[in-house]
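First to last, the sequence lines map onto chains A and B. To convert, note that position 275 of the first sequence is 275 in the working numbering; the numbers rise steadily by one, no gaps. To convert, note that position 291 of the second sequence is 920 in the working numbering; the numbers rise steadily by one, no gaps.
Number of protein chains: 2
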Amino acid sequence: MRSSELRGPEISRAEKRSARQGQAYKIQTFPIVASFLNDIAERKSSNGTVAGMLFLKHALGPARRCLYRTQRLLVRTPLFYPQVCADKGCVRWQSGEGGRDWNPRWQHMVAGLAAGTGMVLAFGLYHRQEEQAASEEQLADSAGRGGEAVFPETAAPVGAYPIFTREEVTKHRTLQDGVWVTFGDSVYDITDFVGLHPGGSKIMLAAGGALEPFWAMYAVHNQQHVLELLGEYKVGELSSEDKKKGSGAISDPYASDPPRHPALKINSLKPFNAEPPSEILSENFLTPNAFFFKRNHLPVPEVDPERYRLEISGEGLPKAVSLTLEDLKTKFPKHTVTATLQCAGNRRSEMNKIKQVKGLDWGIAAISNAQWGGVRLREVLEHAGYRHGGAAQHVQFEGLDKDVSGTPYGASIPLRKALSDDGDVLLAYEMNGEELPRDHGFPLRAVVPGTVGARNVKWLGKIIVSAEESKSHWQQNDYKGFSPSVDWDTVDFKSAPAIQELPIQSAITEPRDGALLERSGEQVTVRGYAWSGGGREVVRVDVSLDGGKTWQVATLRSGEDAPPLGQAWAWKLWELSAPFPPEGEQLDIVCKAVDNSYNMQPDSVAPIWNLRGVLSNAWHRVRVSVKKD
Amino acid sequence: MRSSELRGPEISRAEKRSARQGQAYKIQTFPIVASFLNDIAERKSSNGTVAGMLFLKHALGPARRCLYRTQRLLVRTPLFYPQVCADKGCVRWQSGEGGRDWNPRWQHMVAGLAAGTGMVLAFGLYHRQEEQAASEEQLADSAGRGGEAVFPETAAPVGAYPIFTREEVTKHRTLQDGVWVTFGDSVYDITDFVGLHPGGSKIMLAAGGALEPFWAMYAVHNQQHVLELLGEYKVGELSSEDKKKGSGAISDPYASDPPRHPALKINSLKPFNAEPPSEILSENFLTPNAFFFKRNHLPVPEVDPERYRLEISGEGLPKAVSLTLEDLKTKFPKHTVTATLQCAGNRRSEMNKIKQVKGLDWGIAAISNAQWGGVRLREVLEHAGYRHGGAAQHVQFEGLDKDVSGTPYGASIPLRKALSDDGDVLLAYEMNGEELPRDHGFPLRAVVPGTVGARNVKWLGKIIVSAEESKSHWQQNDYKGFSPSVDWDTVDFKSAPAIQELPIQSAITEPRDGALLERSGEQVTVRGYAWSGGGREVVRVDVSLDGGKTWQVATLRSGEDAPPLGQAWAWKLWELSAPFPPEGEQLDIVCKAVDNSYNMQPDSVAPIWNLRGVLSNAWHRVRVSVKKD
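This is how it looks when you write it as structure tokens:
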């Protein structure tokens, strides 16, 4: 595919402006339209994909609602989904059964799409392609009637692009003034795209400036189709002087990410998100650091431990306090806590099988267990002079990992948890007896036992005691649970509480789904993990070998003494050896756990499905075959 | 039925003793056997019930295991169950479908059986009858071959009974010396029955004395069949002098129980256990005292508030402390807490539909909500001088309600809960602004918010701080959850934690299951309650009108301001109005709730079934029909 062709016909700034103002007019030159239709036809026959974008852009009219329509479509139409063409780097729509046979490349792409803030340009692209099919039909129809179609907006190229300076571009930073950006030497007016951006208003951060730093941060943009889509919005070129200056050398912000173990299954490379092979989990009560699941929202910051400072401020504190790493290690007693961390999206892939959700396609291993060493948050707050009695209700954490706008990763936990004698909230500088690895927050991270991973902020830079929860995207508009009936049209993030404590969970790590078991040894051994949030101890795991009809009680293994009531922060590994059933050559293995509040896992996934694919804790099932003798 | 017939053949003490010593011998007189067989046949043909008990008793041999066999049988054989004959006061075995069409009298009896200590003589009776069926077949078979059967023990009556004094009876209080009891003027050697007693070793409390006080306490014994069963064990009569003395006037210990509202659905009269009509629950955020569910384990004690003392002692206390009601009301600030209490057995009837469990057959209304007024346990312990640092882990409560042996109702809660700033454990003397009613613990009860009803000890007499949990039956061998695979043969009560915090729960109070709805108004309104233990707030209730395929979010109603995190002790009432579905005339309404730890209810009952029928919190379902237009 010739990328230059795909920029589409070019129009003048003035025409564009009037189009944005809603002035519909007839196309001016028939040959131009004919050429445009031919262009579309040619592209369609070659690969049936990215074409006619400019037309669509103009035809869409009130385009702000499209983001939601796109999302709705992806959610509601499992039989019709986009597929990445392996050889052509393009996308086309394809029908299939319930999304179960999704092309793996597409899966990876979806995973990538949802990394970071979770949503990207590309969603808009797919949407456009979908509408394109209908529009192309309309166009072909019009052409058949002699090309007399009336277009709401024009599509005429008008020769060379106008020239702008970077300074002129910076003046276009609002929907009123137009939203302009640069990429390389080109200037783009993306005003009409803002409402289509699947990443939401975050796109406005780039208004008036260069896209490169953002795309370096959210690497999923670096794809041919995204460039093609951008091409349609081109309205000018930079002045020769500004061209020479360049947009500043944009290095890959992920270039300094640490090396990782190749055994990890990568769900997103930039930012890095990966889980270990599930068998590794049940082999170790403490997950080795290299295999501990990694869930980064942004590039791993490079922190000089000598220059590192932890800033503490907020309600109830007489003044802001700044602590060095040395202060933390020497002025406070060191405590160790063994705590399991779990991503809210662990086992999301099972929800995806029901109906597509947004988010990384985690298997069952976005959970791991470690012994953390560090100082107690409570003691640090007391040292900083915190006194009860004010309006404080929350402790906000800010990471040193920041996006290009300088916004750090952020989250908060209830003050009650932070101050509790039994809450065991740590500021950790050690993990399993080693220095905290860079991927896990070097030099300091929050460890909030019993609480969803997202609140265990890594590369901890600031602690703010506040009457309010963190205002971060991740606290306010992510990591919340909803009814299966709620979709992206109807979701009201204010209506649900931010996930803190997680519910009871368990999964089967061995055998793997689809495994072919040898009948040697007369026994089948099933292993797994079980954990519950809020310090609730797992007291029982039931395992079924017949799909849930009958149950056996598994043997629980813990790597430590029985924890005090309400402080069971670590998972339990479990095991069940059972004779192969006499008849049948297939085993439907199911597990479900019970905690000491006698909470139990729900039976099935569909009734707990939610649009973000979090809190996936239904009974875990694997089906394995038994080799014939 | 002629009760005298049912005493069965009588044998001498000596024969009895030798039988107990395991000496098997041939029957001595054929005519006696023939008469015995006729006797059985006659009774069988008349009502197929209580007969051949003596034979069975002797045939059972190593009878100690029978209790468990009986229980197993009742659990495993839903198609074969005993039925109370309405007109004859007898029991016969009857087949049916899954126990769904149980005779209501039998239901009441089962309910009664499980009241108090939960198990009674009658279970043994049923067991015997069941084994009788098999034995009768053997007998008939033997008779057919000329009555040459060899019986392990004899069944010959030997004239008049020996005479014993009460003093002699008191010497038989162990299995070695034999276990004797009196009832009326008769003396019974129940040594062989001890192991059969479904109430367990509690029967030994009566050893050497009169049964009357026990049967007065556990009224379920006062049935014809139990008298008949006892008759078989008669070994003598009391001396004339002792006859004159009597066993002491035994008044009904329940005679002074308070009056109750007739609208209550009684599950057991003595002790009193009853639930309100479920519609009443969802009409009132605070359940009126008269309708608050009643769950008594023993007779309601009569307490003189002037003479009442609360005794406090144990670990960490410098000395025992005694407080009057006046002390409690004047020396401590009064606090109010709105808290929902729920019986561990709420919704047990749904488990009974899967497979018979032991316990009162509660519907969905063994849960209610009230505002409690009283003093904080924490403050009372501090007043008593409690200091941290010792071995104390639990706070034990003892009630003033006692069984005939003087053993009080008892339970304990974790010390952590008792001392927690946020635990809100009250010693309550008010309920919904009124003086605590007698049925709810007058003059003082524990209110342990978020914790199973059984730990909210009523008629509170003693508080003991201890390193140990309460040793009471209800803490150690009851109110615990098990896997569906655990039966009375395999249950190990030590393997499961005592229920404290309860899991997420919800139920539909309106419409009722089986209701016929009018299509007027175009809307169907569904109402219910939702609650979770441990102070976890209910954040959502999903309601389905199509059996769980699709869901709608109900509107939650709370009677108070949003509680602090972790202190949501009160339920939420909820409501959903939805249009009647266009097609179909039946609605499968389902509800499920979510708390702020995002715990959800399990989908179905069978996988959470447990032998005591506690923790029944699967999705609640009602099926209603819509009237044809």
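For glycine and all other residues, C-beta sits at the position ideal for the given N, C-alpha and C. Given the structure is predicted, the values throughout are model-derived calculations rather than measurements.
Query	Result
In or out: Asp489 of chain A buried (at least 16 other Cβ within 10 Å) or exposed?	exposed
Where do the ends of the alpha helix (DSSP H) carrying Thr324 of chain A lie?	Premise fails: Thr324 of chain A lies in the beta strand (DSSP E), 321-324, not in any alpha helix (DSSP H).
What is the DSSP secondary structure of Pro1236 of chain B, reduced to helix, strand or coil?	helix
Listed from N- to C-terminal order along the chain, which residues in the stretch 481-512 of chain A have their beta-carbon within a distance smaller than 9 angstroms of any beta-carbon of chain B?	Gly481, Phe482, Ser483, Pro484, Ser485, Val486, Ser495, Ala496, Pro497, Ile499, Gln500, Glu501, Leu502, Pro503, Ile504
Short check: CB of Ala606 of chain A to CB of Ile354 of chain A, under 7 angstroms?	yes
Is any beta-carbon of chain A found at less than 7 angstroms from that of Ala1255 of chain B?	The identity of residue 1255 of chain B in the sequence shown is Val, whereas the question assumes Ala. False, the Cβ-Cβ gap to chain A never drops below 7 angstroms.
On the three-state DSSP scale, how would you describe Gly453 of chain A?	helix
Just the C-alpha distance for Asn222 of chain A and Trp215 of chain A, rounded to the nearest angstrom, thanks.	7 angstroms
Please state whether DSSP places Phe640 of chain A in a helix, a strand or coil.	Limits of chain A in this structure are 1 at one end and 629 at the other, which puts residue 640 of chain A out of reach.
Apply the 10 Å Cβ neighbour rule to Glu1011 of chain B and answer buried if 16 or more other Cβ atoms are within range, or exposed otherwise.	exposed
Restricting to Cα atoms, I'd like to know which of A:Phe493, A:Ala496, A:Tyr479, A:Glu501 is closest to Lys417 of chain A.	A:Glu501
Could you tell me which chain A residues have their CB closer than 9 angstroms to the CB of Trp1180 of chain B, listed as they occur along the chain?	Ser483, Pro484, Ser485, Pro607
Verify the CB distance criterion: does Arg416 of chain A have a CB-CB separation below 7 angstroms to chain B?	yes
Note the first and the last residue of the continuous beta strand (DSSP E) segment covering Gly566 of chain A.	Looking at the DSSP string, Gly566 of chain A is not in any beta strand (DSSP E), and its letter there is neither H nor E.
DSSP on Asn918 of chain B, reduced to helix/strand/coil?	helix
Taking DSSP as the reference, what is the three-state secondary structure of Val622 of chain A?	strand
If we call anything under 7 angstroms between Cβ atoms a contact, is Leu910 of chain B one with Thr1184 of chain B?	no
Helix, strand or coil for Ser282 of chain A per DSSP?	helix
Which same chain residues end up closer than 8 angstroms to Ala1144 of chain B when comparing Cβ atoms and leaving out the 5 residues on each side of it in sequence?	Val1251, Val1253, Ser1254
Pairs of beta-carbons, one from the stretch 1203-1219 of chain B and one from the stretch 522-534 of chain A, closer than 8 angstroms: are there three or more?	no
Would you please verify whether the beta carbon of Leu1006 of chain B is less than 7 angstroms from any beta carbon of chain A?	no
Closest by CA to Lys1031 of chain B, which one among B:Gly1090, B:Ala1083, B:Trp1238?	B:Gly1090
In chain A, which residues lie with their C-beta within 7 angstroms of the C-beta of Asn1228 of chain B?	Pro503, Ile504, Asn599
Using 8 angstroms as the threshold, is the stretch 1080-1098 of chain B in touch with the stretch 1018-1026 of chain B, meaning 3 or more CB pairs across them?	yes
Could you tell me whether the stretch 426-439 of chain A touches the stretch 365-374 of chain A, using the rule of 3 or more Cβ pairs below 8 angstroms?	yes
Using 7 angstroms as the threshold, is the C-beta distance between Tyr161 of chain A and Glu237 of chain A below it?	yes
Are the C-beta atoms of Ser268 of chain A and some chain B residue less than 7 angstroms apart?	no
Are Asn346 of chain A and Thr287 of chain A close, meaning C-beta to C-beta below 7 angstroms?	no
What's the call for Pro299 of chain A, buried or exposed, on a 16-neighbour Cβ count within 10 Å?	buried
Might you give, ordered along the chain, the residues of its own chain that have their beta carbon closer than 7 angstroms to the beta carbon of Asp1121 of chain B, omitting 5 neighbours on each side?	none
Closest to Phe692 of chain A by CA distance: which of A:Lys572, A:Trp609, A:Gln601 is it?	Since the first residue of chain A shown is 1 and the last is 629, residue 692 of chain A is not available in this structure.
Relative to the C-alpha of Thr1036 of chain B, which residue among B:Arg1169, B:Gly829, B:Pro888, B:His1102 is closest?	B:His1102
Quick one: does Pro1072 of chain B have its CB under 7 angstroms from some CB of chain A?	no
Looking at the C-beta of Val1168 of chain B, does it have a partner C-beta in chain A at a distance below 7 angstroms?	yes
Considering only C-alpha positions, which residue in the set B:His890, B:Ser907, B:Asp886, B:Phe1111 is nearest to Pro900 of chain B?	B:Asp886
Pick helix, strand or coil for Lys458 of chain A, following the three-state DSSP scheme.	coil
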